[in-house]
Amino acid sequence: MTPTPLHRLAEAQRAGLQERLEAAPNPVEEVARKVQTQARLSVNMKPSILRAVLKGERHLNMFEYAEREARETGRGVDEILRDRLGDWYTRRIAFEVEMGGGRNFHYHCLNVGGLGAQRFGRLCVIDRRDPSDRPPEPVWIAWDSLGHEEFWDGADGLDQRALAEWVAPCDEPGALAALKLAETPAGTGPLPERICNNEDFIEGLCLEGLSHSEVGEIRSDEKFSDDHLQERALRIALYGASMDEKLDLMAAQETRALAKDLGIRWNVVQS
Numbered sequence: 005m006t007p008t009p010l011h012r013l014a015e016a017q018r019a020g021l022q023e024r025l026e027a028a029p030n031p032v033e034e035v036a037r038k039v040q041t042q043a044r045l046s047v048n049m050k051p052s053i054l055r056a057v058l059k060g061e062r063h064l065n066m067f068e069y070a071e072r073e074a075r076e077t078g079r080g081v082d083e084i085l086r087d088r089l090g091d092w093y094t095r096r097i098a099f100e101v102e103m104g105g106g107r108n109f110h111y112h113c114l115n116v117g118g119l120g121a122q123r124f125g126r127l128c129v130i131d132r133r134d135p136s137d138r139p140p141e142p143v144w145i146a147w148d149s150l151g152h153e154e155f156w157d158g159a160d161g162l163d164q165r166a167l168a169e170w171v172a173p174c175d176e177p178g179a180l181a182a183l184k185l186a187e188t189p190a191g192t193g194p195l196p197e198r199i200c201n202n203e204d205f206i207e208g209l210c211l212e213g214l215s216h217s218e219v220g221e222i223r224s225d226e227k228f229s230d231d232h233l234q235e236r237a238l239r240i241a242l243y244g245a246s247m248d249e250k251l252d253l254m255a256a257q258e259t260r261a262l263a264k265d266l267g268i269r270w271n272v273v274q275s
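First residue of the sequence shown: 5, per my numbering; consecutive thereafter.
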């Protein structure tokens with residue numbers, strides 16, 4: 005794979021990350037070690053999206069989705085992207101053009117436990133592969149590349165110097181996470197929640213989307229437990245429900261059944 009500008013930028017920070025880590029207080033080393041040994045990529049999905057992945061479709065990024073919709077509807081790709089990205093359109097295009105080298109990224113999160121960033125989807129899908137064993141991917145970014153204001157100037161131009169300070173190559177998630185927590189403390193909760201939550205997370209960028217053969221675990225809250233789904237089905241049978249409610253239940257049931265057939269562990273996390 006030909007490295008993108010983002011891959012090269014991350015690789016160039018390797019020595020600097022280690023120097024900053026060595027200069028940080030000792031507790032940082034413990035965090036770095038824990039993250040390094042437990043790090044996985046996660047991506048939060050809606051049930052309908054995960055169902056498609058479990059049926060054999062690779063997870064699509066925004067650009068692939070827009071190209072497919074354009075073929076199906078006759079609309080322009082740029083028009084679809086503008087609709088989907090809204091106010092984030094200018095930044096996302098700028099980032100992809102400058103950092104992608106003609107290719108488009110898939111966006112994941114660094115995960116060491118928990119339900120991930122659920123604002124992107126209720127189901128947290130864990131990549132079974134060790135990120136350190138997949139050079140040169142993923143590239144880690146300490147914050148949301150779109151929403152972290154320090155990465156952008158007032159005209160929505162990407163500040164590559166600011167970005168460079170907070171990127172890391174695939175085998176350095178521990179160093180980046182430890183430095184982020186040391187230099188910009190993110191609360192006092194459990195480490196998995198501090199690393200990745202609904203408001204703050206470390207991005208992991210790849211050029212290939214996830215397939216079902218690479219899924220190691222699916223995590224959900226108790227609303228996707230067998231007991232809860234059975235209760236919902238019983239209530240619908242007894243009292244009826246809207247079509248949207250029925251379709252939502254069917255999607256959840258089918259997704260759980262597909263995961264079981266593929267031998268993918270489903271972990272219900274108590275909230």
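Virtual Cβ for every residue (Gly too), placed ideally from N, Cα, C.
Fair warning: this is a prediction, and the values are worked out from it, not measured in the lab.
Please name the residue or residues paired with residue 49 in a DSSP beta bridge. In the sequence shown, counting from the first residue as 1, residue 49 sits at position 45. Bridge partners of residue 49: 127.
I'd like the ranges of any beta strand (DSSP E) spanning at least 3 consecutive residues and lying wholly in the stretch 127-175. 127-131 and 143-145
Got a sec? Which residues, its chain only, sit under 6 angstroms from residue 270 by beta carbon, not counting five neighbours each side? In the sequence shown, counting from the first residue as 1, residue 270 sits at position 266. Cβ within range, chain order: 222 and 263.
In this structure, does DSSP put residue 63 in helix, strand or coil? Indexing the sequence shown from 1 puts residue 63 at position 59. DSSP places residue 63 in coil when its eight states are reduced to three.
At which residues does the alpha helix (DSSP H) containing residue 178 begin and terminate? As a first step, residue 178 must be located in the sequence shown, where it is residue number 174. Looking at the DSSP string, the run of the alpha helix (DSSP H) that includes residue 178 is 177-187.
Buried or exposed: where does residue 173 fall if 16 or more other Cβ atoms within 10 Å of its Cβ makes it buried? Within the sequence shown, the letter at position 169 stands for residue 173. That one is buried.
Please go through the same chain and pick out, in chain order, the residues whose beta-carbon is closer than 6 angstroms to the beta-carbon of residue 52, but skip the five residues on each side of it. Sequence index remark: in the sequence shown, residue 52 carries index 48 (1-based). So the list reads 255, once near-sequence residues are dropped.
Using C-beta distances below 8 angstroms, list every residue in its chain close to residue 99, excluding the 5 sequence neighbours before and after it, in chain order. Residue 99 sits at position 95 when you count from the first residue of the sequence shown. Close CB contacts of residue 99 within its chain, under the 8 angstroms cut and outside five residues either way in sequence, are with 149, 150 and 162 (chain order).
With DSSP as the reference, please indicate the residues paired to residue 34 in a beta bridge. By one-based count along the sequence shown, residue 34 stands at place 30. BP columns for residue 34 are empty, so no partner.
Please list, in chain order, all residues of the same chain as residue 267 whose beta carbon is under 8 angstroms from its beta carbon, the five residues on each side excluded. As a first step, residue 267 is located in the sequence shown; it is residue number 263 there, counting from the start. Closer than 8 angstroms at Cβ, skipping near neighbours: no residue.
Three-pair Cβ contact test at 8 angstroms for the stretch 238-245 versus the stretch 198-211: With the rule of 3 Cβ pairs closer than 8 angstroms, the stretch 238-245 does not count as touching the stretch 198-211.
Nearest by alpha-carbon distance to residue 213: which of 87, 44 and 111 is it? Indexing the sequence shown from 1 puts residue 213 at position 209. Considering only alpha carbons, the answer is 111.
Let me see if you follow: with CB-CB separation under 8 angstroms, is residue 232 close to chain D or not? Protein chain content of the structure displayed is limited to a single chain, and chain D is not contained in it.
With residue 67 and residue 108 assumed to form a contact (beta carbons below 8 angstroms), what rounded beta-carbon distance in angstroms separates them? Here residue 67 corresponds to residue number 63 of the sequence shown, with the count starting at 1. Here residue 108 corresponds to residue number 104 of the sequence shown, with the count starting at 1. Contact flag correct, Cβ pair sits at about 4 angstroms.
Judging by CA-CA distance, which residue of 219, 245 and 248 is the nearest neighbour of residue 133? Reading the sequence shown from its first residue, position 129 is the one you call residue 133. Checked all of 219, 245 and 248; the closest Cα to residue 133 is 219.
Please state whether DSSP places residue 217 in a helix, a strand or coil. To locate residue 217, count along the sequence shown from 1; it is residue 213. If DSSP states are grouped into helix, strand and coil, residue 217 belongs with the helices.
Which of the three DSSP states is assigned to residue 101 in this structure? Counting from 1 along the sequence shown, the entry for residue 101 is found at position 97. Helix.
Residue 207 vs residue 272 beta-carbon contact at 8 angstroms: Taking the sequence shown and counting its residues from 1, the one referred to as residue 207 is at position 203. Taking the sequence shown and counting its residues from 1, the one referred to as residue 272 is at position 268. Not closer than 8 angstroms, so no.
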